[in-house]
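Heads up: the sequence shown begins at 1427 in the numbering used here, then just goes up one per residue.
We put the CB at the ideal spot given by N, CA and C, even for glycine.
Notes follow the structure.
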Amino acid sequence: MVSQTTAPAAPVDAPPPLLPPVYAPGELAALAARHGLTVSGARPSLPEYVRQLWGRRHFITAFATAKLTAQYSQAKLGQIWQIMTPLLNATVYYFIFGVLMKTKHGVPDYVPFLVTGVFIWTFTSSSITAGTRAISGNIGLVRALHFPRASLPIALALQQLQQLIFSLGALVLILLAFGQYPQPSWLLAVPALTLQAVFNTGISMMMARLAARTPDIAQLTPFVLRTWMYASGVMWSIGTMLQGDRVPHLVKLALEINPAAVFINLMRFALIDSFDGAQLPPHVWAIAAGWALVCGVGGFIYFWKAEESYGRG
């Protein structure tokens, strides 16, 4: 005979299960503030953000240097490609534009003119291209660690500046080979490159935010940059090509104050004897400073406003 046992019945007066308290949104925020809790990844104030970036300055420089070192680590020629790439581009442009399309006519010292334009343009275009990959190309780092995200586009812009400084040795040798010897005006290259670096960094941060939200922008960027290059007088002289009344005044003005053309021509003015002040637009230094200020500060604020959104979604 098998006996069957049954579980004891629950007491009739058993208390109901405990439920978490329900707070109104304002009460929950007050409770979090009372205990020192903040939203994870919340955007800090602009002064605090600048302070955080300054605290990460060693990380920014180390990250830029590591990226520069690893850029050509798989190539047999290694870092030599930092010089060879713009030189090969200049060679191709010389034969296509200078020889076949005869844009070198009327441009004294065309080879220094062209090589300077290619090196300075490469600095801007590479900074912008790197900016489009600043967030998406380092998404693991963005999601794993808490740090001001502007460190990434700033570091990549710094990497391109380091690469340009490394390549300037080749540019100087080319200038010397074609009879351009050091002059006091060469010192003007320092403020010109400084303003260009600020401009490039601002544009890089703008592109970093846009590409983080819309990755397709990275595919469109090369076409935009190629068009911009043709309009910036890299291979041809804007002043020579726009002589006379063949081009409307507004188009000529737009080409002259084009920021890429402004920085290229400032470097030509600093390094090439035959490129004198008459070939520069009026108030060119004010224009360059204006572009650097507007794009540098504006790009930084534009990037900062989306700080909490990077790496999410």
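- HIS1675: member of the alpha helix (DSSP H) spanning 1675-1682, first to last residue.
- Under the criterion of beta carbons closer than 8 Å, ILE1486 and ILE1580 qualify as touching, at roughly 6 Å.
- CA-to-CA, the gap between ALA1492 and LEU1513 works out to about 24 Å.
- The beta carbon of THR1666 sits closer than 7 Å to the beta carbons of GLY1532, VAL1533 from its chain, once the five residues preceding and following it are set aside; these are given in chain order.
- The beta carbons of ALA1638 and SER1562 sit closer together than 8 Å.
- Pairwise C-beta distances place the stretch 1517-1527 out of contact with the stretch 1585-1601, as fewer than three of them are shorter than 8 Å.
- Per DSSP, the continuous alpha helix (DSSP H) segment holding TYR1536 begins and ends at 1536-1558.
- Assignment of ILE1698 by DSSP, reduced to helix, strand and coil, places it in the coil class.
- Taking the Cβ atoms as the reference, THR1542 lies roughly 6 Å from LEU1697, within the contact range of under 8 Å.
- Judged by DSSP secondary structure, ILE1600 falls within the alpha helix (DSSP H) whose first and last residues are 1577-1603.
- Between the alpha carbons of TRP1730 and ALA1718 lies a gap of roughly 18 Å.
- For ASN1564, no alpha helix (DSSP H) run applies, since DSSP gives it neither H nor E.
- Going by beta carbons, PHE1523 and TRP1654 fall outside the 8 Å limit.
- Around the Cβ of PRO1574, a 10 Å sphere holds 16 or more other Cβ atoms; the residue is buried.
- The C-alpha of MET1633 lies about 38 Å from the C-alpha of ALA1603.
- Nearest neighbour of LEU1681 by Cα position, chosen from SER1700, GLY1703, ILE1713, turns out to be ILE1713.
- For THR1627, the enclosing alpha helix (DSSP H) starts and ends at 1615-1639.
- The beta carbon of ASN1684 sits closer than 7 Å to the beta carbons of ALA1657, SER1658 from its chain, once the five residues preceding and following it are set aside; these are given in chain order.
- Rounded to the nearest angstrom, the gap between the Cα atoms of GLY1566 and GLN1622 is 30 Å.
- DSSP, read as helix, strand or coil, puts ARG1477 in helix.
- Non-local C-beta neighbours of ARG1482 in its own chain, meaning closer than 7 Å and more than five positions away in sequence, comprise PHE1573, PRO1574, SER1577, ordered along the chain.
- Burial check for TRP1547: the Cβ neighbour count within 10 Å reaches 16 or more, so the residue is buried.
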